[in-house]
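Remarks on the structure that follows.
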Amino acid sequence: MSVVAKEPGYTSEVRDRVENFHGQQLLYIGWDNHLMYSNPLCIPVAPDMPFSMLPTKILPDLYDLHPDMAKVDWKKVEWLRDGKSFTPDMNESVAGNGFGHKSVLRFATPGLNGLDGRCI
Amino acid sequence: MNTVATAVSARAKKLSQRRKYELLTRGLGWDTTYQPMDKAFPFDTFEGIKIHDWDKWEDPFRLTMDAYWKYQGEKERKLYAIIDAFQQNNGQFNVSDARYINTLKLFLTGISMAEYASHHGFALAGRNLRGVSARIACQMQAIDELRHAQTQVHTISQYNKFFNGMHNPAYMHDRVWYLSVPKSYFEDAMTAGPFEYITAISFSFEYVLTNLLFMPFMSGAAFNGDMATVTFGFSAQSDESRHMTLGLEVVKFLLEQDPGNVPIVQKWLDKWFWRGYRLLTLVAMMMDYMLPRRVMSWAEGWEEYFEKNGGALFNDLARYGIRMPKYHDVARKEKTRLSHEAWGIFYNYTHAANFHTWVPEPKEMDWLSQKYPDTFDKLYRPRLEYWREQQKAGKRFYNKTLPLLCQVCQIPMGFTEPDDPTKICYRETEYKGDKYHFCSDGCKDIFNDEPEKYVRSWLPVHQIYQGNCFRPGTDPTAPGFEPLKEVLQYYGFHDGMDNGEFLDSPDRYNWEKWTSKSAVAGDRP
Amino acid sequence: MADSVFIAFQTNDETRPIIESIIADNPKAVVNRMPAMVKIDCPNRLVVRRQSIEARIGREYDLGELTINLVSLSGNIDEDDDAFILHWD
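In order, the protein sequence lines correspond to chains F, G and S.
Counting with this note's numbering, you get residues 1067 to 1186 for the letters of the first sequence.
Counting with this note's numbering, you get residues 4 to 528 for the letters of the second sequence.
Counting with this note's numbering, you get residues 66 to 154 for the letters of the third sequence.
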């Protein structure tokens, strides 16, 4: 469908195109079953950043206040890229792992499902 | 009895209200002759709505200008007498406790500025509709909405002398992340055609949903000892009841004018029900969390005013071929979690808001358990208790990373799957090579119907990352640059005063110093 | 069960006789008193009569004055100089 506009062919600027982010792209991040952090997060990343930076540095920093974070076994983590499960190549970059601008990275930590297993 | 009898016989000589209204709306308009009507009114046809007879438009109150000014003048006199008394009596210290003031901060920056936007929208709609009665109705409503914004600012200004976060509502409304929710709602409506605007605001918002805003809010204010807010609220609400009535008449008028209007109106009802419902998320958390003395829960309000009264309305509209708005069933499923999810979001990000949040007191949590027996103890109480523990240990939880926002409603995506309150609801669409994310099927459908419009949403999080939310002259590459601090400056907030945990706030400290009363007294005797 | 219409007024001295009139004229009306506000629900149809109000306040009354203290309502409206009617039929 398209908008009903007074002038035919109405279009408007795409306000969040990747060119507006100074060489970076947006990455959305969600930790399944952990609603202490009330919603998925949004960070800018360089597309050529090694993916391995996420489990080793970025995710532990983002979620450092959750008591589960210290217990995460990164080898057992299940990853989702834009809603579909995938196995990251830790030697590849974020873009090399198929993450475009405004992609969603979700991860689940089996056995760790929030405070008392209550998805908090 | 004689007086009444005399008065009644005198009445017979006067014009009836119906006749006066007819003279006003049927006699004073004219068709343009120097220019064709379609050029004088270029915006009331492109939406596809067909009007065959504008004279069928009825204002059920048949309000004429003389009566309008008389009644509005009376309302103003009553209101300002009470505001005077309130100020002279230091009424700001008579409210239930200092947490209550935060509802006013939310109201002033979110709702009062939206009233102003609504004024703007009705002025525009009034100019663009060619029917005389419709233009008069829009004119009156535009003046009403301006009055609401003004009286609310006047009333709340007394609180601004004593409490933080209320110093610049219009400036904040244009910038602050969560205020983009009401701001974009009205801008969405205003940038549609005049018929969609009036269906969106008069019917979907005023008629279907506004009871949920004003009735519990004003009853809540009364219950929490806030005489001033009760008064401006009811003064505004007396206009709202007129707007609501108009909303129903507008929709019936459109449906009766042409069968081709029915699917267009249904689509608008679907869209604007969902837009309005998402906007009311702010009200849900106010009712369940921010009123120290609670009147009714969000779930009870939803049942009473939407499921029961709204249900009756849509039963009545069925004769035109109109059905309940899409995803009303999702709203029903969400009613036992909406306020908790919303408070969770604001608890996460209160360091970037102009009002405080807190963990409810134990007795208040018991009230929530009782109102939400299936969800509160299982899903939300443990989170709140953990946060309380952390806060007592000096480690108050704040989420330091900006949220993923819904492209349409612009609320952080903290809503959960309709059938699973433990899983975030992720919805996504791709349009011309870019990805867009939504909190719900409702918001996703709205985008997919008009993608050209929503690709340009001004999403505060993305604007911050693009570097557009710093004061002029700020250098984000400077050493030691702290983006959050800079954004708060851009918002005009006083870090450490307007924002953050209530228990750590100057508001709390001042309240206890000035009143010798507990700032979290709430329901305690 | 028929769907209900409702009308709600601020609680004050001006609305007391109005509410009394509504109760007298609508035997099926249910009155809910809330903080600062009175909400009256009635199955299908509710009528507010000018004469009933005038009999209580002892002066001429214009039904347009209802809007001064009105909080909210629901239902289709039929209104003339003598009666203000809310209905769903």
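Built from N, CA and C at the ideal position, the CB exists for glycine as well.
The model shown is predicted, which means the values in this text are computed figures rather than measured ones.
Q) Where does H152 of chain S fall in DSSP's three states? A) Strand.
Q: Starting from W1145 of chain F, follow its DSSP beta bridges and name the residues at the other end.
A: Checking the DSSP bridge columns, you'll see W1145 of chain F partnered with F:F1152, F:F1173.
Q. With 16 other CB atoms within 10 Å as the buried threshold, where does R326 of chain G fall?
A. Counting Cβ neighbours within 10 Å, R326 of chain G comes out exposed, since fewer than 16 surround it.
Q: Starting from the C-beta of L1146 of chain F, find all residues in its chain whose C-beta is less than 6 Å away, skip the five residues before and the five after it, and write them out in chain order.
A: Cβ within range, chain order: R1172.
**Q.** Cβ shell of A239 of chain G (< 6 Å), same chain only, five flanking positions each side left out
**A.** Excluding positions up to five away in sequence, the list reads H151.
Q) Taking DSSP as the reference, what is the three-state secondary structure of G1166 of chain F? A) Note: G1166 of chain F maps to coil in three-state DSSP.
Q | Residues of the stretch 363-389 of chain G whose Cβ lies closer than 8 Å to any Cβ of chain F, in chain order | A | Result list: K381, L382, P385, R386, Y389.
Q) Does DSSP put M4 of chain G in a helix, a strand or coil? A) Note on M4 of chain G: pLDDT 43, under 50, position unreliable in the model; the coordinate value appears next. Here M4 of chain G carries a coil assignment [DSSP, helix/strand/coil].
Q.
I need the DSSP call for R98 of chain S, collapsed to helix, strand or coil.
A. Residue state, collapsed to three classes: strand.
Q. Applying a beta-carbon distance threshold of less than 8 Å, which residues of chain G neighbour S86 of chain S?
A. Using a Cβ-Cβ cut-off of 8 Å, S86 of chain S is close to nothing in chain G; its nearest Cβ partner there is about 14 Å away.
Q | Span separating the alpha-carbon of Y389 of chain G from that of V362 of chain G | A | About 10 Å.
Q: Work out the CA separation of Q75 of chain S and T132 of chain S for me, nearest whole Å.
A: Whole-angstrom Cα-Cα distance: 11 Å.
Q) Start and end of the beta strand (DSSP E) containing D1182 of chain F? A) Premise fails: D1182 of chain F is in no beta strand (DSSP E) and is neither H nor E.
Q: With A73 of chain S as the anchor, note down where its alpha helix (DSSP H) starts and where it stops.
A: Where A73 of chain S is concerned, there is no enclosing alpha helix (DSSP H), although the beta strand (DSSP E) it sits in stretches over 69-75.
Q) Using the beta-carbon of each residue, which ones in chain G are nearer than 7 Å to E134 of chain S? A) Correcting the residue identity first, residue 134 of chain S is Asn in this sequence and not Glu. Those are S241, listed as they occur along chain G.
Q: Determine which residues of the stretch 1161-1183 of chain F have a Cβ less than 9 Å from any Cβ of chain G, and write them out in chain order.
A: So the list reads G1166, H1167, K1168, S1169, V1170, R1172, N1179, G1180, L1181, D1182, given in the order they occur along the chain.
Q | Beta-carbon separation (whole angstroms), Y162 of chain G vs P295 of chain G, contact threshold 8 Å | A | No, Y162 of chain G and P295 of chain G are not in contact; Cβ-Cβ is about 15 Å, not under 8 Å.
**Q.** 8 Å Cβ cut-off: residues of chain S touching D41 of chain G
**A.** The premise fails here: D41 of chain G is roughly 33 Å from chain S at the closest Cβ pair, so nothing lies under 8 Å.
Q. Terminal residues of the continuous alpha helix (DSSP H) containing Y494 of chain G?
A. Element bounds for Y494 of chain G: 486-494.
Q | Below-7 Å beta-carbon distance, E1144 of chain F vs any chain G residue | A | Judged by the 7 Å Cβ criterion, E1144 of chain F is not in contact with chain G.
(Q) Tell me which residues share the same chain as Q91 of chain G and place their Cβ nearer than 8 Å to its Cβ, disregarding the 5 neighbours each side in the sequence. (A) If we look at Q91 of chain G and ignore the five residues flanking it on each side, it has no Cβ neighbours.
Q) Does the stretch 319-336 of chain G come within contact of the stretch 250-269 of chain G, defined as at least 3 CB pairs closer than 8 Å? A) Segments in contact, yes.
Q: Using a Cβ-Cβ cut-off of less than 8 Å, list which residues of the stretch 92-103 of chain S approach chain G; keep chain order.
A: Shown in chain order are the members of the stretch 92-103 of chain S whose Cβ falls below 8 Å from a Cβ of chain G: M99, P100, A101, M102.
**Q.** Short-range partners of chain F found in the stretch 465-499 of chain G, where Cβ spacing is below 8 Å
**A.** Along the stretch 465-499 of chain G, going in chain order, the ones with a CB nearer than 8 Å to a CB of chain F are H465, Y468, Q469, G470.
Q: Look up R65 of chain G in the DSSP assignment and say whether it is helix, strand or coil.
A: Note: R65 of chain G maps to coil in three-state DSSP.
(Q) For I88 of chain S and N97 of chain S, what's the separation of their Cα atoms in angstroms? (A) Approximately 12 Å, taken between the alpha carbons.
Q.
I want to know whether the stretch 334-352 of chain G touches the stretch 283-293 of chain G - three or more CB-CB distances under 8 Å.
A. Yes, since at least three Cβ pairs between the stretch 334-352 of chain G and the stretch 283-293 of chain G fall closer than 8 Å, the two stretches touch.
Q) Once you ignore the five residues that flank Q393 of chain G on each side, which residues in its own chain have a CB closer than 8 Å to its CB? A) Cβ neighbours of Q393 of chain G beyond the five flanking positions: R399, F400.
Q: Compare the C-beta of T248 of chain G with all C-beta atoms of chain S and state if any pair is closer than 7 Å.
A: Answer yes: the Cβ-Cβ gap between T248 of chain G and chain S drops below 7 Å somewhere.
Q) Checking contacts by CB at 7 Å: is P528 of chain G closer than that to chain S? A) At P528 of chain G, the pLDDT of 40 sits below 50, so the modelled position is not reliable; the number obtained from the coordinates is stated separately. Contact with chain S is absent for P528 of chain G, since none of that chain's Cβ atoms lies less than 7 Å from the residue's Cβ.
Q: Using the Cα positions of F1188 of chain F and H246 of chain G, report the straight-line distance between them to the nearest angstrom.
A: Nothing can be reported for residue 1188 of chain F, as the shown portion of chain F is limited to 1067 through 1186.
(Q) Using only the alpha-carbon positions, how far apart do T232 of chain G and S1159 of chain F sit? (A) Near 56 Å, if we compare the C-alpha coordinates of S1159 of chain F and T232 of chain G.
Q: Specify, as a first and last residue, the run of the alpha helix (DSSP H) that Y389 of chain G falls within.
A: 384-395 is the extent of the alpha helix (DSSP H) around Y389 of chain G.
Q. Given G542 of chain G, which residues of its chain have a CB within under 7 Å of its CB, disregarding the five upstream and five downstream residues?
A. Residue 542 of chain G falls outside the range modelled here, since chain G spans only 4 to 528, and no answer is possible.
Q | CB-CB length for Y356 of chain G against Y468 of chain G, believed under 8 Å | A | A small fix is needed here, since residue 356 of chain G is Ala in this sequence, not Tyr. The pair is not a contact, with the Cβ atoms about 19 Å apart (cut-off 8 Å).
Q: Give the DSSP-derived three-state secondary structure of H354 of chain G in the structure shown.
A: DSSP places H354 of chain G in helix when its eight states are reduced to three.
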